[in-house]
Structure formats: structure tokens, C-alpha cells
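Numbering (the working numbering), first residue to last: 26 to 94. Working notes for the structure below.
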């Protein structure tokens, strides 16, 4: 489960990066405010998925020393 959460986190991080680039490109135009709002939403999504990754804890393989031996 943690791996799926981490993949989601990486995807959301990529989306936030794209939203940041769009917002920065729109500074000084009429599109600045909507792009900033999209960026804010994307950053919130990143924070939410990061919390999920943290809550999932370590992978089962790492948590069970008997498996790694």
C-alpha cells in the first residue's frame, strides 16, 4: 500500500510543479489568479498524499527483519 501512496505522491508533486510553472508564466496577466489557485490546490494535494505516505509506515519487507534475512 505504501508504494501506491508514494506513486500518487510523486504524481501529485509533478502536477504541482507544472501548476507552479503555469502560474509563474501567467504573472502579470489576467490568468494569474486562476493559475495561483490551481497551484494552491496542487500543493494541498501534495501535502495530503505525503501524510498518507507517512501514515502507511515502512514497507512490509523492511518492517519484518525475518524477511530480509
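Glycine residues also receive a C-beta, built at the ideal position from the N, C-alpha and C atoms.
Query: Residue from 83, 79, 40 and 58 whose Cα sits closest to the Cα of residue 69; Result: 40
Query: 9 Å Cβ cutoff met for residue 31 and residue 47; Result: no
Query: For residue 56, the three-state DSSP class (helix, strand or coil); Result: coil
Query: Residue 40 - containing alpha helix (DSSP H), residue span; Result: 27-51
Query: Cβ neighbour criterion (16 or more within 10 Å) applied to residue 60; Result: buried
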